[in-house]
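Chains as they are written, first to last, in the working numbering: chain A, 1 to 285; chain B, 286 to 538.
Worksheet: the structure to be examined is printed underneath.
Put into structure tokens, the structure is as follows:
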């Protein structure tokens with residue numbers, strides 16, 4: 001695990017070129033050490049044309065980076081390459097953290113159905129050698145922190161969708177990851193629950209100053225949470241077609257952040273660029 | 286919910302009683318030939334005589350031994366083969382067609398062959414029962430592993446789990462669920478194997494008694510034996526049901 005990216009002084013934001021060139025333009029805005037450096041990543045499934053080809057991006061500690069793009073452009077594939085679930089076909093993924101310091105929150109809330117909430121949360125800790133009693137105590141602490149006290153002994157099918165998602169979140173956060181990969185983690189939740197879970201997560205991420213790479217469909221969510229948003233072009237052979245720094249001070253509040261003067265104009269710009277990618281599909285909506 | 290269940294029970298009891306009474310009356314009145322369908326009271330008497338004589342236990346023990354040995358052997362061998370095939374691709378290439386063939390044919394046609402190979406004693410019955418069960422369990426375990434929820438596999442992998450953890454936390458529980466789904470069918474198969482084996486050639490067992498009763502056109506004894514076998518299979522069904530609820534408690538919690 002090597003750390004990478006010699007640090008250069010970032011250019012003033014106004015001069016940042018679009019499309020994105022990682023070599024000329026290291027994206028770390030906040031002081032923080034690089035955690036992930038993806039360079040010219042190419043991924044393919046089987047013999048098909050590469051899903052992504054030439055993707056480069058960086059995430060530093062204390063930084064939240066969002067990856068957006070048209071459906072099927074390969075956003076999840078980037079996360080899978082970083083997590084090690086799939087081997088890259090070309091290019092490289094450099095990590096300055098150990099695999100055990102990574103947390104991956106999936107789109108679905110597939111907990112082990114035969115394990116209780118407590119056992120599910122404790123599993124990762126147990127795999128890191130924590131004794132059972134201590135892992136259970138820690139699991140209960142995290143469940144309580146996410147508002148799930150009293151549900152420790154429930155099985156996943158006895159929990160609501162929002163509760164399952166919180167258990168999945170507790171499962172990942174209990175490991176105190178230094179890098180958190182999230183694949184549309186809250187897509188299935190209703191608006192209110194989603195707001196609360198996201199706000200909880202935001203607070204924790206800002207407190208711990210971990211690196212986060214978030215794949216999402218929701219442009220507002222991306223902008224509200226992130227320090228930088230990367231736009232993936234339409235696939236196959238998707239690459240990063242633009243990057244947008246988000247210059248809103250932290251700590252942030254999910255509602256308040258939308259009132260920031262730069263929020264609406266940037267949202268419009270990202271929306272415009274994303275629509276451009278989608279329109280090239282020739283389909284329209 | 287409980288009321289609905291109680292009502293269903295009541296309806297079933299009434300239907301059964303009516304049927305038995307009707308049978309008794311029709312048979313006694315000569316509307317149906319007692320030679321083919323002896324009245325229930327006569328069957329009950331035969332039932333009593335079978336047990337009063339005491340020799341029936343020896344036959345029950347023989348059938349039970351064959352069925353249970355076949356059931357456990359079949360579970361063991363079927364699971365082992367299914368697991369091995371799912372893990373070792375070349376083995377699957379060889380085993381799968383054999384199992385598909387064995388699954389497609391009525392496996393009881395193997396009974397005469399097993400009697401030639403293993404004699405008319407316990408061995409041939411266990412073998413037949415075992416083959417019936419093993420093929421069923423092979424497919425449960427094989428597909429249970431092949432079709433395991435990949436999301437769960439990836440979840441455990443990203444939490445840091447290796448092969449041993451995956452086996453313990455994902456594969457074994459999910460295969461258990463599949464096998465429990467076919468356990469009741471397996472119990473039925475185990476008895477089919479044992480009884481059919483005895484039916485073809487033997488000197489002991491409920492199947493042997495059945496074959497004997499049939500050869501003397503003793504309908505009362507045949508029916509009594511059928512009811513005995515049904516009772517034992519139902520008993521095992523309920524045990525299998527309890528085992529399932531215990532092992533899959535997370536599903537019923």
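The beta-carbon is built from N, C-alpha and C at its ideal position, and this holds for glycine as well.
| Item | Value |
| --- | --- |
| The stretch 167 to 174 of chain A in contact with the stretch 85 to 105 of chain A per 3-pair CB rule at 8 Å | yes |
| Endpoints, beta strand (DSSP E) assigned at residue 52/A | 52 to 60 |
| Status (buried if at least 16 other CB within 10 Å, exposed otherwise) for residue 288/B | exposed |
| CA-to-CA distance, residue 161/A to residue 188/A, given in whole angstroms | 8 Å |
| Interface positions of the stretch 132 to 165 of chain A facing chain B (Cβ-Cβ less than 7 Å), listed along the chain | 155 and 158 |
| Assigned exposure category for residue 58/A - 16 Cβ within 10 Å defines buried | buried |
| Members of the stretch 424 to 441 of chain B that neighbour chain A once the beta carbon cut-off is set at 8 Å | 434, 436, 437, 439, 440 and 441 |
| Given 8 Å, three or more beta-carbon pairs between the stretch 467 to 484 of chain B and the stretch 398 to 412 of chain B | yes |
| Coarse secondary structure for residue 90/A, derived from DSSP in three states | strand |
| Buried versus exposed call for residue 523/B [16 or more other C-beta atoms within 10 Å across all chains shown] | exposed |
| Cutoff 7 Å; reference residue 510/B; Cβ partners in own chain excluding five residues on either side | 491, 494, 495 and 498 |
| Proximity test, Cβ basis, 8 Å: residue 381/B and chain A | no |
| Ranges of the beta strand (DSSP E) found wholly within the stretch 80 to 131 of chain A, counting only runs of at least 3 | 90 to 95 and 102 to 105 |
| Contact residues within the stretch 443 to 464 of chain B, judged by C-beta distance below 9 Å to chain A | 443, 444, 445, 446, 447, 450, 454, 455, 458, 459, 461 and 462 |
| 8 Å Cβ cutoff met for residue 478/B and residue 459/B | no |
| Alpha carbon of residue 80/A to alpha carbon of residue 128/A, nearest angstrom | 22 Å |
| CB contact flag (residue 74/A, residue 232/A, <8 Å) | yes |
| One or two residues paired with residue 68/A in a DSSP bridge | 231/A |
| Listed by chain order, chain B residues near residue 271/A by CB distance under 8 Å | The contacting residues do not exist; residue 271/A stays about 31 Å from chain B at best. |
| Neighbourhood of residue 153/A by C-beta distance below 6 Å, restricted to the same chain and skipping five residues each side | 116 |
| Local conformation of residue 536/B per DSSP, three classes | helix |
| 7 Å Cβ cut-off: residues of chain A touching residue 535/B | 113, 114 and 155 |
| Chain B contact for residue 85/A (CB, 8 Å cutoff) | yes |
| Length of the line joining the Cα atoms of residue 30/A and residue 168/A | Unreliable positioning characterises residue 30/A in this predicted model, as indicated by a pLDDT of 46, which lies under 50. A coordinate reading is not provided. |
| Assigned exposure category for residue 316/B - 16 Cβ within 10 Å defines buried | exposed |
| Contact list for residue 104/A against chain B, beta-carbon separation under 7 Å | 443 |
| Reference residue 421/B; option with closest CA among 360/B, 399/B and 371/B | 360/B |
| Own chain partners of residue 267/A with C-beta closer than 8 Å, once the 5 adjacent residues on each side are dropped | 219, 220 and 223 |
| Pairwise C-alpha distance: residue 382/B and residue 444/B | 37 Å |
| Helix, strand or coil at residue 183/A according to DSSP, with G and I counted as helix | strand |
| Buried/exposed call for residue 435/B, threshold 16 Cβ in 10 Å | exposed |
| Rounded straight-line distance, which links the Cα of residue 323/B to that of residue 530/B | 40 Å |
| Whether residue 208/A touches residue 250/A by CB criterion (8 Å) | no |
| Residue 169/A: contacting residues in chain B (beta-carbon distance under 7 Å) | Here the premise fails: no neighbours, minimum Cβ distance about 13 Å. |
| Chain-order list of residues whose beta-carbon lies under 6 Å from that of residue 151/A (same chain, five-residue window excluded) | 117 |
| Validate contact between the stretch 191 to 200 of chain A and the stretch 35 to 49 of chain A using beta carbons, cut 8 Å, 3 pairs | no |
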